[in-house]
Each structure stands twice: as structure tokens, then as C-alpha cells.
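In our numbering, the protein residues as written are 799 to 1208. Glycine is no exception: its CB is placed at the ideal position from the N, C-alpha and C atoms. Heads up: the structure comes next, in C-alpha cells.
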Ligand SMILES: CC(C)(COP(=O)(O)OP(=O)(O)OC[C@H]1O[C@@H](n2cnc3c(N)ncnc32)[C@H](O)[C@@H]1OP(=O)(O)O)[C@@H](O)C(=O)NCCC(=O)NCCS
């Protein structure tokens, strides 16, 4: 299929985008509408036309990725929607490709997105991150102290300072931040029964806070994000969640960056067994819900610092996104042969040098390896990642990364 044409959205497209969002169930109340308006202002928006009007839209935001200690510019595909009359005509794939290609040409090194399911974005070279863990827990079972000092109450009107606090939060390898404050404003507007609790410095600037979604008299509540800079601040936020435990019987919280939440739950297995199947069932849940792909291979490889003697190999990359590229895109994808050297300083250069062992991989799989989501050996067992056994072993010896933790709802 050739890629259907796309174009940048104009303000005149708002009504059509709103209609599509209503059709896909993303606009159910006034907060969703406000959230969409705000999000468009924070995004590079592409649309695809059918019968003379926009019937599909893709919004991409600029962000950063912390890859070990290297900060990389990224594109975050925040949403893709195609209306009921335009499905299965390639609009979704073309919009995603157009949005990503435009940001790649502007300097984004990687693209990230949250998936509705596995498979669709694989066709565009996106590969899954590792499992993301969350717990639905009884706040009363949290093994942290309730803070002595009372928090301040936060609402959508505090979005700007909540956003600054999110950007300044503790970040581990893999942390994603979306730069435009409109993204936090949009998320806060769309959270029905949303509320925040936190602490501020004398300047009024937030030091740490949690943004939650309430639900009925007894929960379950959901913590959408926690922004903190030190373990002490994290304990204080969890202590605030615990303070709700006399009334609220369940709160869903994602593992904070680098932390195993289960360590802080009293008798987690007891809660799991005794509340099984109930509204307040205490349980963990894991799924790999985000995907990413490399856009700028030389820049991404340069972020790898691998002690020891240099490892050189040929890389034959398959990039399925090239099929969907818009005509005239200056960024052409990563398909083809590369020569890679991993060492204290790492490089990727176009063209396959002769006489080197060769890794044949999809962009999705190489991106997963580069992020530290899975080892070379694991990828070779289940995905398009083929190399001589000795090269697989060398890759795993040289590239030792912690599991990436995006710590941002994409
Ligand atoms: C997802 C969505 C944007 C796709 O739009 P679309 O224009 O119909 O998509 P395309 O025509 O480009 O692609 C459809 C193809 O993807 C395939 N596909 C869809 N989901 C898939 C999956 N999980 N795994 C593999 N293939 C999948 C379809 O089978 C179809 O294949 P075909 O081309 O061989 O017939 C559209 O269904 C939508 O708006 N859904 C609701 C909103 C949503 O969930 N958006 C994504 C947010 S992350």
C-alpha cells in the first residue's frame, strides 16, 4: 500500500479532530474537550483527509530521554486517531510515519509512544519496552510513616508548577519527559475527579507531589504520577497515600523509578490471597505498554559507553517505516547497512565494512537492545535479531544497561 497523503493541521481542523476524538471515545466530558484543545497547542499535529476533510490526526510532542547519563531529544507520539469512516485505509500508519519523520528531520533521536496494543506500531519499527509494574494496594498496608506536616492541595490550576516539578523529578535510565507544560495541563484537565497533594518550597515552587484520580467513596484511586527528587520525598508522598487509608481501600500506584513498591507493602501476598476477585483486590499488574524506536542511529550509538576493547560489527537494519514515509520527507529512515563500533566512544557509520561479523535486526529489536529492554540473546530467541553466537555474547558483555523506566504516562 502506498502511504496516503498527510499534512500539518490548521486551526480550521479542530472541529474535525474533535469529532474523531468523540468517535473513538476520548471526549466524554468538558474536561476531555479542554484537554484536547490544550494538547493541540502543545503538539505538532498532522492530519489526513478523506472526502475533503480531516478524518485522522496524529499529535507529536517534543521531549527528552535520559539514556544512562546522556540526554537525548525525542519525539513522543501522544495520540493517533482515525475516524469511523476512514479505518483500514492506511491513514493511521501514514500519520504516525509523517509525525515521526518530521521530528526526526528536526533532530529527534528517538520516538516513544504508549500502545493501544502490540502489533500496530511494530509495522513502523517500534519495539516494546520491558514490563512496567504497578500495584493496586491497600494504602493502610504501606510501610511508611504518615508525614507530620500537612500537604497542600493541588488542582488543574497548578498545572504549570506541577509540570516544572515533573521535569525536575528524580530520573533513572530510560526516563522520558515531555517538555511542553500544556501536556500536564491537558492531562490534569482530563482527569475526572483529579486532585494533587504535595509540598512546596517557600518560593511556592513544588518540591514533590502526587497527582491522583479519585473514584467513589472508597476507591480504587489511581496515582497518575509521582514527582520527587529524593527517597525522603518519595516516602513522604507514599505516606500521604497511606494517610487516605482509613477511608480508601485501594490505590493503584506504578513502581517509582528504580524502586520495587512491593518492598513497602505489608504482607502483599496476604492481601493478594484474601481479597482475590473483590473490588479492592490487592494485586500486582505488569505489561509492556510503551514502545520506542531509534530515529538517529549515529547519535544513539554514541550514547553507549562500553568499557574494554572496542567491538566492531556490521549491522544490517530493516526499517519498515520507510514504506510509509511521506513523499518529500528529508529523513529517509534507517534501512540498510551500517558499521558499528562499541567502546569508550561508540560510533555508527553508514555502509557495511567488509570482514566483520554481522548482526541482522529490525529497527524495533535493535532499539530494544539499545535501550536495555532485553539482552541480545533474549532478542535472538524471539525476534528479528540474528548474529553469530559469539557476537551475541560480545554484545551482552559490552552493553550492560539497567532496565529502562520511562516514568511518564505516554
Ligand atoms: C489505531 C487506529 C489509529 C488505526 O487506524 P487505521 O487508519 O485504521 O490504521 P491503518 O489502516 O494504518 O492500519 C490498519 C492495519 O493495522 C492492523 N492492526 C491493527 N491493530 C493491530 C495489531 N495490534 N497488531 C497487528 N496489526 C494490527 C490492521 O489489521 C490493519 O491491517 P491491514 O492493513 O493489513 O488491513 C484506529 O483504529 C483508531 O483510531 N483507533 C482508536 C484510537 C486508538 O486506539 N488509537 C491509538 C492510540 S495508541
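Taking C-beta atoms as the reference points, residue 942 and residue 1036 count as a pair closer than 8 Å. In this structure, the C-beta of residue 879 approaches ligand 1 to less than 7 Å from one of its heavy atoms. The continuous alpha helix (DSSP H) containing residue 1029 extends over residues 1029-1041. Residue burial annotation: residue 1019 is buried, with at least 16 other C-beta atoms found within 10 angstroms of its C-beta.
The residue from 1152, 1072, 921, 979 with its alpha-carbon nearest to that of residue 1160 is 921. Shortest gap from the CB of residue 804 to any heavy atom of ligand 1: 7 Å or more. Among the bridge pairs identified by DSSP, residue 950 is matched with 996. At a cut-off of 7 Å, the beta-carbon of residue 1119 does not count as near ligand 1: no heavy atom of the ligand is closer than that. Shown here for residue 973: same chain residues with a beta carbon closer than 6 Å to its own, the five before and five after excluded, namely 864, 1205 in chain order. Secondary structure at residue 905: coil, using DSSP grouped into helix, strand and coil. Cα atoms of residue 835 and residue 1069: separation of roughly 42 Å, rounded to the nearest angstrom. Closest by C-alpha distance to residue 851, out of 838, 857, 889, is 889. With respect to the C-alpha of residue 938, the residue from 1162, 1030, 1063 having the closest C-alpha is 1063. C-alpha of residue 806 to C-alpha of residue 1033: approximately 45 Å in a straight line.
For residue 868, the enclosing beta strand (DSSP E) stretches over residues 868-880. DSSP places residue 1014 in the coil class of the three-state scheme, outside both helix and strand. By the neighbour-count criterion, in which 16 or more other beta carbons inside 10 Å mark a residue as buried, residue 955 falls on the exposed side.
Look at the segment 1076-1110 and you find these whole runs of beta strand (DSSP E), each 3 residues long or longer: 1081-1085, 1088-1092.
Residue 910 carries a strand assignment under DSSP once its states are collapsed to helix, strand and coil. With 16 or more other CB atoms across the displayed protein chains lying within 10 angstroms of its CB, residue 1053 is buried. Relative to ligand 1, residue 854 has its C-beta within less than 7 Å of a heavy atom. Contact between the segment 1103-1114 and the segment 1143-1152 is present, with at least three C-beta pairs closer than 8 Å. Cβ contact annotation for residue 831 (same chain, cutoff 6 Å, sequence separation greater than five): 825, in chain order.
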